[in-house]
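J.:
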Amino acid sequence: MENRHGTNPEDCKQYTTEKLRKDFLIESLFVPGEIKMVYSHYDRVVVGGVIPTGNAVKLDAGDFLKTDYFLERREIGIVNIGPKGKVVVEGETYELNKRDCLYIGLGKKDVVFHSEDASNPARFYFVSSLAHKEYPTKVLPIADAEPTRLGSDAESNNRTIYKYIHQDGIQSCQLMMGMTLLEPNNMWNTMPAHLHDRRMEVYLYFDMEVDARVFHFMGEPQETRHLVVKNEQAVLSPPWSIHSGVGTNNYTFIWAMAGENYTFVDMDVVKMEELK
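Its first residue numbered 1, the sequence shown is counted upward by one per residue in the UniProt record's numbering.
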């Protein structure tokens, strides 16, 4: 488990590109046969990736969390971004095709990741946050998720948003999770930008070509910076930072939030004239 501490926005103004990437960009989450995790001190979120190959992979953080097992005081949202796989939760099997989501609530001790075909393994992405109450384990296939279509070709942001874990979908303590798909020839996400000072957010960009890149914008509205992001890399977004991006072509990203408020309307929109 990699440990990432929080950053003061005043300090961030002085960061080099290397330091900015070290603190906020997760460059390698998916390693065949392994589970990779990053612990963020922003709302105690854990971001991870799993590729089960020859053997199944158990959800386990060793003694890093100082708990008896991973979900003793946590909940987790999992999205498969690759070929078909399954997650076995205390003996019960949940099959996940590409873009299907699984939520597992507080208190589940035994969670194991499997691929249907080890030669063409699943690619599980997950985000975990602290929890105070147990909610039921539930799977939501992408086919059953309600789509919300926003934007336009004229604005280069014609996109479809799927909400998985939220107040009107899969119930959770504080974790919220969903996915945004941009149509071909559309490259912008989350612009005009916004802030939500009571919650952090994390983006995973995927379904990108090898040479494609997303320029992810972050920082305070008057002190913006950018990160150049490759396929299957994630960005930690502090509560004080905008989170927006533009790609060299279209892409898909998973967004997840955790913090004090459990609502999508808890945001402060940043006017375009305020960005610098």
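Cβ coordinates follow ideal geometry from the N, Cα and C atoms, glycine included.
First and last residue of the alpha helix (DSSP H) that includes Arg73?
T.: Indexing the sequence shown from 1 puts residue 73 at position 73. That residue, Arg73, is in no alpha helix (DSSP H); it is neither H nor E in DSSP.
J.: Among all the DSSP beta bridges, which residues are the ones paired with His226?
T.: Translated into positions along the sequence shown, residue 226 becomes position 226. Note: His226 sits in a beta bridge opposite Phe217.
J.: With a 10 Å radius around its C-beta and 16 neighbouring C-beta atoms as the bar for buried, classify Asn80 as buried or exposed.
T.: As a position in the sequence shown, residue 80 is number 80, starting the count at 1. The residue is buried, with at least 16 neighbouring Cβ atoms inside 10 Å.
J.: If Leu65 and Val111 are in contact, beta carbons under 8 Å, what's the gap, nearest whole angstrom?
T.: The residue given as residue 65 occupies position 65 in the sequence shown. The residue given as residue 111 occupies position 111 in the sequence shown. Not confirmed; about 14 Å, so no contact.
J.: Nearest by alpha-carbon distance to Lys133: which of Val235, Gly259, Cys173 is it?
T.: In the sequence shown, counting from the first residue as 1, residue 133 sits at position 133. If we check each option's Cα against that of Lys133, Cys173 comes out closest.
J.: Give me the Cβ distance between Gly49 and Tyr125, rounded to the nearest whole Å; I'm assuming they're in contact under 8 Å.
T.: Stepping through the sequence shown from its first residue, residue 49 is reached at position 49. Stepping through the sequence shown from its first residue, residue 125 is reached at position 125. Right, the Cβ-Cβ distance comes to about 6 Å (below 8 Å), so this counts as a contact.
J.: What are the start and end residues of the alpha helix (DSSP H) that includes Lys22?
T.: On the sequence shown, residue 22 is found 22 positions in, with the first residue counted as 1. Start and end: 17–24.
J.: Less than 7 Å separating the beta-carbons of Met37 and Val45?
T.: As a position in the sequence shown, residue 37 is number 37, starting the count at 1. As a position in the sequence shown, residue 45 is number 45, starting the count at 1. No, they are not a contact pair.
J.: Please report the straight-line C-alpha distance between Glu183 and Lys271, rounded to a whole angstrom.
T.: Stepping through the sequence shown from its first residue, residue 183 is reached at position 183. Stepping through the sequence shown from its first residue, residue 271 is reached at position 271. Distance between the alpha carbons of Glu183 and Lys271 is about 25 Å.
J.: On a Cα-Cα basis, can you pick out the residue from Met257, Lys276, Leu150, Asp11 that is closest to Gln167?
T.: Indexing the sequence shown from 1 puts residue 167 at position 167. If we check each option's Cα against that of Gln167, Met257 comes out closest.
J.: Three-state secondary structure (DSSP) at Asp268?
T.: By 1-based counting over the sequence shown, the position of residue 268 is 268. Three-state result, Asp268: strand.
J.: Apply the 10 Å Cβ neighbour rule to Glu220 and answer buried if 16 or more other Cβ atoms are within range, or exposed otherwise.
T.: The residue you call residue 220 lines up with position 220 of the sequence shown. Result: buried.
J.: For the ligand FAD, is there a heavy atom less than 6 Å away from the beta-carbon of Pro121?
T.: Ligands displayed in this structure: none; no statement on the ligand FAD is therefore possible.
J.: How would you call Ala154, buried or exposed, if buried means at least 16 neighbouring beta carbons within 10 angstroms?
T.: On the sequence shown, residue 154 is found 154 positions in, with the first residue counted as 1. Exposed is the call here.
J.: Could you tell me which residues DSSP puts in a beta bridge with Gly33?
T.: Position 33 of the sequence shown, counting from 1, holds the residue named residue 33. BP columns for Gly33 are empty, so no partner.
J.: Check this for me: beta carbons of Gly82 and Ala145, under 7 Å apart or not?
T.: Start at 1 with the first residue of the sequence shown, and residue 82 comes out as number 82. Start at 1 with the first residue of the sequence shown, and residue 145 comes out as number 145. Not closer than 7 Å, so no.
J.: For Pro141, name the three-state secondary structure that DSSP assigns.
T.: For the purposes of this step, residue 141 is taken as residue 141 along the sequence shown, with counting starting at 1. Here Pro141 sits in coil by DSSP.
J.: Taking 7 Å as the threshold (C-beta atoms), are Trp188 and Val246 in contact?
T.: In the sequence shown, the residue the question calls residue 246 occupies position 246. In the sequence shown, the residue the question calls residue 188 occupies position 188. For Val246 and Trp188, yes; Cβs fall inside 7 Å.
J.: Can the beta-carbon of Ala61 be found closer than 7 Å to that of Met1?
T.: If you number the sequence shown from 1, residue 61 lands on position 61. If you number the sequence shown from 1, residue 1 lands on position 1. Yes, these two residues count as a Cβ contact at 7 Å.
J.: Based on the DSSP output, what are the partners of Ser237 in its beta bridges?
T.: In the sequence shown, counting from the first residue as 1, residue 237 sits at position 237. Glu201, per the DSSP bridge assignment.
J.: How long is the line joining the alpha carbons of His41 and Leu130, rounded to whole angstroms?
T.: For the purposes of this step, residue 41 is taken as residue 41 along the sequence shown, with counting starting at 1. For the purposes of this step, residue 130 is taken as residue 130 along the sequence shown, with counting starting at 1. If I take the Cα positions, the gap works out to 12 Å.
J.: Return the CA-CA distance between Phe70 and Lys108, expressed in angstroms with no decimal places.
T.: In the sequence shown, counting from the first residue as 1, residue 70 sits at position 70. In the sequence shown, counting from the first residue as 1, residue 108 sits at position 108. So the two alpha carbons sit approximately 8 Å from each other.
J.: Exposed or buried, which one is Arg149 when buried takes at least 16 other CB atoms within 10 Å?
T.: What you label residue 149 is simply residue 149 of the sequence shown in a count that begins at 1. By the 10 Å Cβ count, Arg149 comes out exposed.
J.: Would you say Ala234 and Ile26 are within 7 Å of each other, going by their C-beta atoms?
T.: Translated into positions along the sequence shown, residue 234 becomes position 234. Translated into positions along the sequence shown, residue 26 becomes position 26. For Ala234 and Ile26, yes; Cβs fall inside 7 Å.
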